[in-house]
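Take a look at the structure below.
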């Protein structure tokens, strides 16, 4: 079952202080903060990328697999979704603990056909 856009919109609205964004990927959503993937929304459940900083911010740490074959991520319980400040702090702490994204190489331009 794919996640609903309304679920993603609610999470982004609640954590607006961290300026998160989301992209649809493989029928589900990836949540970005400061250019880093910090969370996934799969089956209308929020999974946080596992970092030491994220574990410290969560009151109860539950690991779960967002989809079959995936490594375990930290499951963020629904009661934390209602606390926008805590959710934003969780996203910011996770983003700060992750390495910066690698710069993309510029695309090579093809020579025009003769």
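In the numbering used here, the protein residues as written are 1439 to 1552.
Where a beta carbon is used, it is the ideal one built from N, C-alpha and C, also for glycine.
- Message: Among 1528, 1547 and 1462, whose alpha-carbon lies nearest the alpha-carbon of residue 1497?
- Response: 1528
- Query: In the DSSP assignment, what residue or residues form a beta bridge with residue 1501?
  - Reply: 1512
- For residue 1469, which beta-bridge partners are listed by DSSP? DSSP lists 1460 and 1477 as partners of residue 1469.
- Sequence-distant residues of its chain with Cβ nearer than 6 Å to residue 1504 (five each side left out): 1478, 1480, 1485 and 1511
- Within 7 Å, strictly: CB atoms of residue 1468 and residue 1461: yes
- What is the C-beta distance between residue 1476 and residue 1487, in whole angstroms, given that I count them as a contact (C-beta under 8 Å)? 6 Å
- Range covered by the beta strand (DSSP E) that runs through residue 1483: 1483 to 1486
- Please name the residue, chosen from 1545, 1482, 1513 and 1519, that lies closest to residue 1452 on a Cα-to-Cα basis. 1519
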